[in-house]
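J.: As you go down the protein sequences, you meet chains L and F in turn.
Under this note's numbering, the first residue of the first sequence is numbered 94, with each subsequent residue one higher.
Under this note's numbering, the first residue of the second sequence is numbered 2, with each subsequent residue one higher.
By construction, the Cβ of each residue, glycine as well, lies at the ideal position given by its N, Cα and C atoms.
No experiment lies behind these values; they were computed from the predicted model shown.
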Amino acid sequence: AQSVTQPDIHITVSEGASLELRCNYSYGATPYLFWYVQSPGQGLQLLLKYFSGDTLVQGIKGFEAEFKRSQSSFNLRKPSVHWSDAAEYFCAVAPRSGYSTLTFGKGTMLLVSP
Amino acid sequence: EAGVVQSPRYKIIEKKQPVAFWCNPISGHNTLYWYRQNLGQGPELLIRYENEEAVDDSQLPKDRFSAERLKGVDSTLKIQPAELGDSAVYLCASSSLSGTSGGFQETQYFGPGTRLLVL
Chain L
94 AQSVTQPDIH ITVSEGASLE LRCNYSYGAT PYLFWYVQSP GQGLQLLLKY
144 FSGDTLVQGI KGFEAEFKRS QSSFNLRKPS VHWSDAAEYF CAVAPRSGYS
194 TLTFGKGTML LVSP
Chain F
2 EAGVVQSPRY KIIEKKQPVA FWCNPISGHN TLYWYRQNLG QGPELLIRYE
52 NEEAVDDSQL PKDRFSAERL KGVDSTLKIQ PAELGDSAVY LCASSSLSGT
102 SGGFQETQYF GPGTRLLVL
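(1) Strictly under 8 Å for the Cβ-Cβ distance: is Glu107 of chain F near chain A by that measure?
(2) Looking at the strands, I want to know which residues DSSP matches up with Arg108 of chain F.
(3) By a C-beta neighbour count over all protein chains shown, 10 Å radius and 16 as the cutoff for buried, is Arg70 of chain F buried or exposed?
(4) Find the nearest neighbour of Leu78 of chain F within the set F:Leu92, F:Glu15 and F:Gly43, judged by alpha-carbon distance.
(5) Hey, could you find the ends of the beta strand (DSSP E) Glu45 of chain F is sitting in?
(6) Under 8 Å between C-beta atoms, does Phe111 of chain F make it to chain L?
(7) Could you spell out where the beta strand (DSSP E) holding Asn25 of chain F opens and where it closes?
(8) If you drop the 5 nearest sequence neighbours on each side, which residues of the same chain put their C-beta closer than 8 Å to that of Glu53 of chain F?
(9) Tell me, please, whether the segment 165–177 of chain L touches the segment 102–116 of chain L by the rule of three or more beta-carbon pairs shorter than 8 Å.
(10) Measuring alpha carbon to alpha carbon, tell me which of F:Ala68, F:Pro9 and F:Trp35 ends up nearest Ala94 of chain F.
(11) Looking at C-alpha atoms only, which residue of F:Ile27, F:Val119 and F:Gly114 is the closest neighbour of Gly134 of chain L?
(12) Look at the Cβ atom of Ile80 of chain F, then the Cβ atom of Pro19 of chain F, and state whether they are nearer than 8 Å.
(13) Return helix, strand or coil for Ser107 of chain L, following the three-state DSSP convention.
(14) Under 8 Å, Cβ to Cβ, is there at least one residue of chain L near Arg49 of chain F?
(15) Let me know the beta strand (DSSP E) ranges lying completely inside the segment 94–170 of chain L, each 3 residues or longer, listed in chain order.
(16) At a CB distance below 9 Å, what residues from the segment 32–49 of chain F approach chain L? Give them in sequence order.
(17) Suppose you measure from the CA of Pro124 of chain L to the CA of Leu98 of chain F; what does that come to, to the nearest Å?
(18) Can you name the residues of chain F whose CB is closer than 9 Å to the CB of Lys142 of chain L?
(19) Using 8 Å as the limit for Cβ to Cβ distance, is Asp75 of chain F near chain L?
(20) Which residues in the same chain have their Cβ closer than 6 Å to the Cβ of Thr32 of chain F, if we skip the five residues on either side of it in sequence?
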């Protein structure tokens, strides 16, 4: 069965520092890959997605993610974190077959220190 | 373009009471999902609709949960009776496909969720 692992439950980053959130997946074939962000009391907002092509994907709010097939990873990065980035981040996968259910990781809570 | 709309945003009820959640998807999105998100976890699928047909309800606890999507647009998720363990955030998402016959790609867009607390 497919699974998504986000090994870091919490991460604290100083404002202005760089950020990398890890995501590894277990799947029979390369799935579609997503990162969502959830601010306190809010729903999930799509940051970026990978379907095919360039393995470095640009998203909203200055985020990017890199797909590495050999490592079954899809890590999220941002060069300079802002206090407003404090939120919970979810990595998700879906099979390459039209409509399909997302499988989410357990999330990583990002805390930004001044 | 309006996003996915859910109501109510918050609901507090006593156990054994019924509760219902409503979702209006993005216009033109034929596929609708209900997810449940427990505290500290990622969302997990409850049910998926394609138009008015429930095509995946294998994770829906059918003894107490029911859902409907009349006319293939709005959807309602109901719990009767609610239990303490049902306290969670209930998220609705809708999606559409893009791409060609060589490969269709789906993106799901989520509503703000309904936060349910069962006392």
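T.: Looking at the atomic coordinates:
(1) Protein chains in the displayed structure are L and F, and chain A is not among them.
(2) Just to set this straight, residue 108 of chain F is Thr in the shown sequence, not Arg. For Thr108 of chain F, which the question treats as bridged, DSSP gives the partners F:Ser97.
(3) buried
(4) F:Leu92
(5) Glu45 to Glu51
(6) yes
(7) Val20 to Asn25
(8) Arg70, Leu71, Lys72 and Gly73
(9) yes
(10) F:Trp35
(11) F:Gly114
(12) yes
(13) strand
(14) yes
(15) 96–98, 103–107, 112–114, 117–119, 125–131, 137–143, 149–151 and 157–161
(16) Thr32, Tyr34, Tyr36, Gln38, Gly41, Gln42, Gly43, Pro44, Glu45, Leu46 and Arg49
(17) 16 Å
(18) Gln106 and Thr108
(19) no
(20) Glu51 and Ser96
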